[in-house]
Each structure stands twice: as C-alpha cells, then as structure tokens.
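Protein chains in written order, with this note's numbering: chain A, 1 to 160; chain B, 1001 to 1292. Note that CB positions come from ideal geometry on N, CA and C, so glycine has one too. Scroll down for the structure; my scribbles are underneath it.
Rendered as structure tokens:
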C-alpha cells in the first residue's frame, strides 16, 4: 500500500508491503542508513527515531504503514546544515561513543527525553536511556554528553 | 525476521474497527502499541492474517480520573500514564510504580496498558496490577459494551475473555479511598526484561489502624497473573505487623506456581514471590504512615 511519511522535513511517498518495518523503510526505501538495526526485537534501542517531534519509538517494532501521515526525525535530520545539534556536539566533546553503532538511537532517545524534560538529573538521563544498550562506553560519557547538551540547549533558549 | 504477510486495515472509528473484527473473526488481531505483537509476529509466534490498526482512534487515547474511577482507553500509552498529573497521589502508587518499570522507557512510548492486559503474558506487569486494584475491562461485543472483571478477563496464558470479533475498549480502575496506597515490586534481570517475579499490592486502612481490605497479586507465578486470595483474606480486618506480613508472604509462596526458565528455578521464583509481597506490603503501609 502507499504510504506518505515526512522524514527530516522531506516527504517520501512509497509503495510498501504492510509487513515492512519502519526501520527497513527508512534504510532501504528512503536510503537513510543512519538508523541502525541492532537486536531487531525492541531490546537494544539502536533503531530509535522520533515520531511527531516528541515520541521516541523503536522503529524495528513499528510498521511503516503506521508512520503514514506522521513526521519522523532520524539522526540525519539532527544537524542544521554544517552545524551539529547540541546533542551531537555533546557526544563529540564528551567522547560519548566508541564504535558508534548505538549512537543514532542514543541521540534520538535523548532528543525526546530533553523535549519532555529540559533539566534532567543524572538519574533522569540514566533512566531515560535505559532502553538503549551500549557495549563500548560504559554509559558514563553518554550521560555527560546529554548533560552538556541539556545545558547548551537551555543556554540557547535563554539567549534567543 | 520479517513478519509473515498480512492484510492491514486502518480503522478511523471504533465502529469501523469493530466491523473489521466482526468481518474477519479469529483471523484478525488488533494492533495497538504493537510492542508485544510485532516482536511476536517477527518471531512468527503470531501470524494473524489481518491486522486492525486502532492507533488512529484518538477517542480511545483517554486517561480520565473522576470521583469514581480511573479509566484508560485502548491506545493510551504507558508513558502517558507515567506522566499523568494525578499519578503522584498515593492512592495511585501501585499504578505509578508499575508505569515506571514496564519494559523500558522507549517501549513505554508506544506500549499500552490495555494492550498488555489483552496480550496477557504470564510475566506481564499490568495484569497483576489490575488484579490487585480490582480493575475491569470494557469489552465491545455484538450486544454492546460490557465490563468484565479482571479475574474473569484473564483466562489463561495469552488468552482473555475477549471473544472472536470482539475488542477491548478500555480498562477501569475503581477509585481507591483516601487511606489507600499500593506498591509494585518487580525483580528483573535487566531493564526492559520481563519479571523474574513481581508482586502487586494495594492496601486500604480503617481509621482504627486495622486493614480494611487488601489486593495482592503475583506475576510470573503461573500461566497468567494470579490473585493471592489467601493473603487478601488474612490481611483484612487485622492490625499490620511483622507476623501478619510473614503470613501474607507465606500465602504468596504457596500460591506461586512458576515455571523454571533462564530467569530462575521454581524454588527461587517462589521464594521471590514471598519476599516481594512482604516488601510491597511494607512499602504500601509506609506510604500510609503505618509502621509494620
């Protein structure tokens, strides 16, 4: 069936089978391979994208047809031209990744987390990221990265 | 791991969803949050020929509290329950506790309370909560809507009283009185896992310091969540104390009939059931300012 999904502000109209999962739609039909597939069974969080600006969802556990008429944000949509999003800058500055496989999911889950809570405590961040697994960093620098981003976003709101 | 092919039907009204389900009967499944159903389809443990997507039914996304009850619609998300403004009220502490430990925070963005009840996983969280809080599920059938008490609703593993062509529209939790608090105690190996064992407890007190009534239920303790009737009976009318809690804990141990798996042996899980009921009772009573 035909679906119409706005991804990172760009409209994609594609013919898909109902059983096509959103993660594969993004990667194969839209060519946006920044969304990674890890466990493929909703455990690891590598495939997290943000739906309608505020809801982090595991795109391996949602059908593309369910995204019809919705807006999806993937890691490709975070940076503003050549300028990294505060979260990306935070991961860069704080060494919040090693192999980078989990990073897109970490970024998008954190994005939704900060939309709901602009001043998260360390515990809030750790709890909020509990559905995203990382096997390299030990999470410490990921938490620091999100803290840095939260601070930077607050400052930019304050400045504007 | 791609699911088997199916026909996808998006419902725009509850009437339309019901008509689709009536038309396709046992072939069809309702797609709400999909956080259990879609993985099950990917593993080919479920192969519905038709999926009726109810995610567009915005009139079923309600979470409403009034003087008599809390009503949660079929597509209200776990995360929305967790963020509800009234959730910090101690009367809802059982539901609040559970809303923070179902699966993981991202799964809770999509997952629904009603979907979890309908899925009726032996180790689900909301099933035990619904038993302890004495909830009822609103089921739409051919002859209209009916409320099914949770004890009757949970029939067996992955089986509920929702018949062929019927759909669950929501769940209703009766409003607890002021002197009520609860606790949800879940032991999990890691965040997002199903419970190794879990206990849901809700206690209402009399003014004279005795327990008026108690709800006690276990998850991961049998084919589906179970009510620990014996514990509820022995708690009612009594003054809380260490001996009483031990007796309720023993009743939970007796009632628990888990299966051994990678999460633990039968002995271990039965032991946990007893420990978690005791912890749950202590926490619920502490929330009421009662020493035990």
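- Annotation: Cβ neighbours of residue 40/A in chain B (cutoff 8 Å, chain order): 1001, 1042.
- Residue 55/A carries a strand assignment under DSSP once its states are collapsed to helix, strand and coil.
- Remark: three or more beta-carbon pairs, one from each stretch, lie closer than 8 Å, so the segment 10–30 of chain A and the segment 58–68 of chain A are flagged as touching.
- Contact with chain B is absent for residue 119/A, since none of that chain's Cβ atoms lies less than 8 Å from the residue's Cβ.
- Rounded to the nearest whole angstrom, the CA to CA distance from residue 140/A to residue 122/A is 10 Å.
- Interface annotation, residue 59/A: not in contact with chain B, CB-CB separation never under 8 Å.
- Here residue 1099/B carries a helix assignment [DSSP, helix/strand/coil].
- Burial state of residue 1147/B is exposed, judged by a 10 Å Cβ sphere holding fewer than 16 other Cβ atoms.
- Taken in chain order, the complete beta strand (DSSP E) segments of 3 residues or longer contained in the segment 44–101 of chain A are 48–51, 55–58, 71–73.
- At a cut-off of 8 Å between C-beta atoms, residue 1005/B counts as an interface residue with respect to chain A.
- Listed in chain order, the beta strand (DSSP E) runs fully inside the segment 1124–1154 of chain B are 1136–1141, 1144–1149, counting runs of at least 3 residues.
- Residue 1017/B sits close to residue 1167/B, with the two beta carbons spaced by under 8 Å.
- Counting the other CB atoms within 10 Å of its CB gives residue 1092/B a total of 16 or more, which places it among the buried residues.
- Taking 8 Å as the cut-off, the Cβ atoms of residue 1203/B and residue 1284/B count as close.
- In terms of beta-carbon proximity, residue 1048/B stays away from the interface with chain A, with every pair separated by 8 Å or more.
- Residues of the segment 1095–1114 of chain B with a C-beta atom less than 9 Å from some C-beta of chain A are 1100, 1103, 1104, 1105, 1106, 1107, 1108, 1109, 1110, listed in chain order.
- Between the segment 1259–1279 of chain B and the segment 1193–1209 of chain B, the count of Cβ pairs shorter than 8 Å is three or higher; the stretches touch.
- Taking 8 Å as the CB threshold, residue 1184/B stays off the interface with chain A.
- In the displayed model, residue 4/A falls within a strand according to three-state DSSP.
- Residue 43/A belongs to the set of residues whose beta carbon lies under 8 Å from a beta carbon in chain B.
- The three-state secondary structure of residue 1288/B, taken from DSSP, is coil.
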